[in-house]
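Chemist: Could you have a look at this structure, given as structure tokens, before my questions?
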Amino acid sequence: MQDTSQICVVGLAVMGQNLALNIARNGFPVTVWNRTEDLLESTLARCEDGYRMFGAKTPAEACASLVRPRKLLLLIKAGEPVDVTIAQFLPHLQPGDMIIDAGNSHPDDTDRRSRDLGERGFRFVGMGVSGGEEGALNGPSMMPGGDQSAYDELAPILTRIAAKVDDGPCVTHVGKGAAGHFVKMVHNGIEYGDMQLIAECFDLMHSVLGMDHAQMAATFAEWNEGFLESFLVEITARILREQDPETGQPMVDVILDKAGQKGTGKWTSEIALRYGVPVPTMQAAVEARYLSAMKAQRVHASQHLTGPAARGPVEVGLLDALRDALYCSKICSYAQGLDLIATANADKEWGVDLGEVARIWKGGCIIRARFLERIQAAYRAAGVLPNLLLDPTLGGFLQQHQAAWRRIVALAAERGVPALAMGASLSYFDSYRRASLPQNLTQAQRDLFGAHTFERTDRPAGEWFHHEWQ
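Letter by letter, the sequence shown follows residues 1048 to 1517 in this note's numbering.
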């Protein structure tokens, strides 16, 4: 088979296999390759009548099957495996060919690969893909960044296989360089925050309000009919209805409370620190997973450390307050993530359009939600929006419902139920909305013990002073 396939999918685990089938279903001849033949064979076995899919046994055979310029779509585990795979294929490629890394690679690695491959005449695209197994097969959200000409040539395929919303396919050229993988990394950081906020609501419903699983499932399903409509709220209701076939118990109750992570949430926190952008909701979500992993220590500590009784009398309207607190916290989480993208974009000059980012997140991806339409509208209306909290609609919701938000965070503290992400969101809002913070004392301390100097409130900004402390 020579020069007939439009693209080669390299790496046929869950995401790669389903993306390859999605491409073939949409009428594009596709070559598939995997370092082990079992996944290659299982992919080919899933082909339906009319699919034009070729299984290559070697990198050389895969590259020979492609029309020029060749397109390699890598679905490989992040890190060294990506470099190893690229090295296997490079001898069989020519300048002008393109390599698309569609895994969750670190943006720094994407910058390096883009630079190194560009110097050798190849075009490199770092593309975030969200939607999980189902999205990859039926329509994901895709965030490609890098060479514009490469995207233009990829667009006929990507726009066909992407999820569709009312204003187009959920894919766009995010920006130059590592913009695509950076945006996907932040997407995952927001996802961490969303999941933790929902988990805290689940804990409060169960531990404080005494709701059973059927009641909680019904509540999340109801919330999903309103302004909280989202994929994560939808699947929460589904999860809470599920029963374990072995024990008959609620499925969620037989799952050990240790949450894993693949690293993108931690990367978001680390890069936020690099840029000096506060992302406390996402940071809290990462820390909550670390705390969950300390299962043995927590079991031991539970036998020695006590707190207040979680269950007790509750006031009327608490469930509505919890709903509003979740939305308020969610707004703050997205505000933090979009602020981080904006800051990196200003530094790297990628050309990211935050309104377009919100648009392509509306379908296919894990954080798809109704209120992304409001975020999209906010950036389009404002042009430049310093922070999402300053949007009159979203910021207005926080203003209007902050009493409910505070009520829930206070209740969690009173009943000894951890609310790391919700509390972090509220503190972020309170810090951002205040003209004065207590860090004047912090700066005074720094000047006293280290002569770090300070600016004065009664002098122009940028003038620095030192006080001889007694």
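Virtual Cβ for every residue (Gly too), placed ideally from N, Cα, C.
Of all the options Thr1090, Cys1248, Ile1133, Ile1318, which has the alpha carbon lying nearest to the alpha carbon of His1153?
Modeler: Ranking Thr1090, Cys1248, Ile1133, Ile1318 by Cα distance to His1153 puts Ile1318 first.
Chemist: Which whole-angstrom value is the C-beta distance of His1234 and Gly1175, which I expect to be below 8 Å?
Modeler: So it is a contact: roughly 7 Å between Cβ atoms.
Chemist: Grab me the residues of Ala1391's own chain with a C-beta within less than 7 Å of its C-beta, minus the 5 sequence neighbours each way, in chain order.
Modeler: Closer than 7 Å at the Cβ level, and outside the excluded window around Ala1391, lie Phe1229, Tyr1322.
Chemist: Give me the DSSP bridge partner(s) of Asp1148.
Modeler: Leu1121, Gly1173.
Chemist: With hydrogens ignored, establish whether the beta-carbon of Arg1358 is closer than 8 Å to any heavy atom of the ligand GDP.
Modeler: Among the components modelled here there is no ligand, and therefore nothing to report on the ligand GDP.
Chemist: If we ignore side chains and look at the alpha-carbon of each, how far apart do Leu1352 and Tyr1475 end up?
Modeler: Approximately 29 Å between the Cα atoms of the pair.
Chemist: Tell me whether the beta-carbon of Asp1194 lies closer than 9 Å to the beta-carbon of Met1145.
Modeler: Cβ distance < 9 Å, so Asp1194 and Met1145 count as in contact.
Chemist: Out of Asp1394, Lys1305, Gly1168, Val1301, point me to the one whose CA is closest to Gln1344's CA.
Modeler: When only C-alpha atoms are compared, the closest one is Lys1305.
Chemist: Between the Cα of Ala1060 and the Cα atoms of Glu1088, Gly1074, Val1077, Ala1071, which residue gives the shortest distance?
Modeler: Out of Glu1088, Gly1074, Val1077, Ala1071, Glu1088 has the C-alpha closest to the C-alpha of Ala1060.
Chemist: Let me know the secondary structure DSSP gives Lys1211 once reduced to three states.
Modeler: Looking at Lys1211 - three-state DSSP - the assignment turns out to be strand.
Chemist: To the nearest angstrom, how far is it from the Cα of Ala1067 to the Cα of Gln1141?
Modeler: Going by the C-alpha atoms only, they are around 23 Å apart.
Chemist: Assign Ala1416 to one of three DSSP states: helix, strand, or coil.
Modeler: Looking at Ala1416 - three-state DSSP - the assignment turns out to be strand.
Chemist: For Ile1054, report the span of its beta strand (DSSP E) as first-last.
Modeler: Counting along the chain, the beta strand (DSSP E) containing Ile1054 begins and ends at 1054-1057.
Chemist: Pairing CB atoms from the region 1238-1248 with CB atoms from the region 1178-1193, are three or more of them under 8 Å?
Modeler: Result no; under three Cβ-Cβ pairs closer than 8 Å.
Chemist: Look at Arg1170 and Ala1197 and say whether their C-beta atoms are less than 9 Å apart.
Modeler: Yes. Within cutoff.
Chemist: Which residues does DSSP list as the beta-bridge partners of Phe1249?
Modeler: Bridge partners of Phe1249: none, in fact.
Chemist: At what residues does the beta strand (DSSP E) containing Met1100 begin and finish?
Modeler: Counting along the chain, the beta strand (DSSP E) containing Met1100 begins and ends at 1100-1102.
Chemist: Can you name the start and end residues of the beta strand (DSSP E) that Ser1188 belongs to?
Modeler: Counting along the chain, the beta strand (DSSP E) containing Ser1188 begins and ends at 1188-1193.
Chemist: Alpha carbons only, please: which of Gln1383, Ala1357, Leu1419 is nearest the one belonging to Ser1277?
Modeler: Closest option to Ser1277, Cα to Cα, is Leu1419.
Chemist: Below 8 Å CB to CB, which residues in the same chain sit around Leu1164 once its five sequence neighbours on both sides are set aside?
Modeler: Excluding sequence neighbours, Leu1164 sits near Ile1133, Ile1146, Arg1170, Phe1171.
Chemist: Helix or strand or just coil, what does DSSP make of Trp1397?
Modeler: It is coil, neither helix nor strand.
Chemist: Roughly how many whole angstroms lie between the Cα atoms of Leu1086 and Gln1423?
Modeler: Rounded to the nearest angstrom, the two C-alpha atoms are 39 Å apart.
Chemist: Out of Ser1161, Ala1457, Gly1126, Cys1055, state which residue places its alpha-carbon closest to the alpha-carbon of Trp1080.
Modeler: The shortest Cα separation from Trp1080 among Ser1161, Ala1457, Gly1126, Cys1055 belongs to Cys1055.
Chemist: Considering only the beta carbon of each residue, do Val1255 and Gly1359 sit closer than 9 Å?
Modeler: For Val1255 and Gly1359, yes; Cβs fall inside 9 Å.
Chemist: So, are the CB atoms of Thr1311 and Gly1384 less than 9 Å apart?
Modeler: Result no, Cβ atoms of Thr1311 and Gly1384 do not sit closer than 9 Å.
Chemist: Can you find at least 3 beta carbon pairs, one from the region 1257-1264 and one from the region 1280-1297, that sit closer than 8 Å?
Modeler: The region 1257-1264 is in contact with the region 1280-1297.
Chemist: Can you tell me which of Gly1097, Phe1496, Ala1284, Lys1118 puts its alpha carbon nearest to the alpha carbon of Pro1106?
Modeler: Selected option, being the one with the closest Cα: Lys1118.
Chemist: Tell me whether Gln1135 sits in a helix, a strand or coil according to DSSP, three-state version.
Modeler: Reduced to three states, the DSSP call for Gln1135 is helix.
Chemist: Tell me whether Tyr1426 is buried or exposed, calling it buried when 16 or more other Cβ atoms sit within 10 Å of its Cβ.
Modeler: Buried.
Chemist: Would you mind working out which of Leu1441, Leu1365, Ala1340 sits nearest Thr1266, comparing C-alpha positions?
Modeler: The residue with the shortest Cα to Cα distance from Thr1266 is Leu1365.
Chemist: State the DSSP-derived secondary structure class of Gln1350, mapped to helix, strand or coil.
Modeler: DSSP places Gln1350 in coil when its eight states are reduced to three.
Chemist: Thinking Ala1225 and Cys1217 are a contact (beta carbons under 8 Å), I'd like their distance in whole angstroms, please.
Modeler: So it is not a contact: roughly 20 Å between Cβ atoms.
Chemist: Suppose the cutoff is 6 Å on Cβ atoms and the five residues either side in sequence are ignored; what does the same chain contact list for Leu1401 look like?
Modeler: Only Leu1385, Tyr1426 meet the Cβ criterion.
Chemist: I think Ser1472 touches Ser1380, with their Cβ atoms under 8 Å apart; what is that distance to the nearest whole Å?
Modeler: Ser1472 to Ser1380, Cβ: 6 Å. Contact.
Chemist: Give the DSSP bridge partners of Gly1292, in chain order.
Modeler: Looking at the sequence shown, residue 1292 is not Gly but Pro. Answer by DSSP bridge pairing: none, since Pro1292 is not bridged.
Chemist: For Gly1236, name the three-state secondary structure that DSSP assigns.
Modeler: Residue state, collapsed to three classes: helix.
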